[in-house]
Amino acid sequence: MTDVDRPHRAPAAGRAVVWTQFALLVAYLIGSFGVLILAAVRSGDPAAILHPGLERLGDPKESLPGLGPDSVANPLVWIFGVCRLIAWFVYPLGIAMLLFGVVTLVPSWRRGDRRTFARLAVLTTVWLVLILLAVSPYGQDLMGWLLD
């Protein structure tokens, strides 16, 4: 009888953390920078992306896409609403994603799963950069504008 090589599967925890980090990253980018870019386009002031504020961009709720009725049945309202909520909670979510990534890096390295390790390393680094950006003066201005 011969041994058959089975394909190596990444541990479920590593894959789950990678997909969670990625999904929350996309939602954060839509809820913060997506809304910011839409507001800058709507106001006709692209330089306002570097200096977000009510005086230049107006209310962030006004910049959300107005496709379809503004009701509970419109899926865009839900998508942008959840993404904005995730952007509001960037500090606890960012720290959680950073911790989950760091904790999962070691087991993925020990298992020899280089693909999951590389993805975790990149996404964890991106979350670290986002946390540092959020505590910077620019991040404070962006958060202040988003919360208005």
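Read in order, the letters of the sequence shown are residues 84 to 231 in the numbering used here.
We put the CB at the ideal spot given by N, CA and C, even for glycine.
Outcome for residue i when other beta-carbon atoms lying within 10 angstroms are tallied against a minimum of 16
i: Y111; result: buried
i: W228; result: buried
i: L168; result: exposed
i: L176; result: buried
i: L181; result: buried
i: A130; result: exposed
i: G195; result: exposed
Inter-residue spacing [alpha-carbon to alpha-carbon] between residue i and residue j
i: A156; j: L147; result: 16 Å
i: P220; j: L133; result: 11 Å
i: V185; j: T207; result: 7 Å
i: R193; j: R98; result: 15 Å
i: P190; j: G127; result: 49 Å
i: A95; j: L159; result: 31 Å
i: G222; j: R197; result: 33 Å
i: G164; j: S115; result: 11 Å
i: V212; j: F183; result: 15 Å
Residue i vs residue j beta-carbon contact at 8 Å
i: Q214; j: C166; result: The question names Gln, but residue 214 in the sequence shown is Ile. Not a contact, by the Cβ cut-off of 8 Å.
i: W171; j: Q104; result: no
i: D231; j: P135; result: no
i: L188; j: A201; result: no
i: A123; j: G141; result: no
i: A217; j: Y174; result: yes
i: L225; j: L137; result: no
8 Å contact criterion, which residue i and residue j should meet: CB distance rounded
i: V101; j: T199; result: 6 Å
beta-carbon residue i near the ligand NAP non-hydrogen atom, thresh 7 Å
i: V212; result: Annotation note on the ligand NAP: not contained in the displayed structure, which lists no ligands.
>> Report the start-end ranges of each alpha helix (DSSP H) in the segment 124-152 that is 4 residues or longer and not cut off at the edges.
In response: With a minimum length of 4 residues, the continuous alpha helix (DSSP H) runs that stay inside the segment 124-152 are 137-140.
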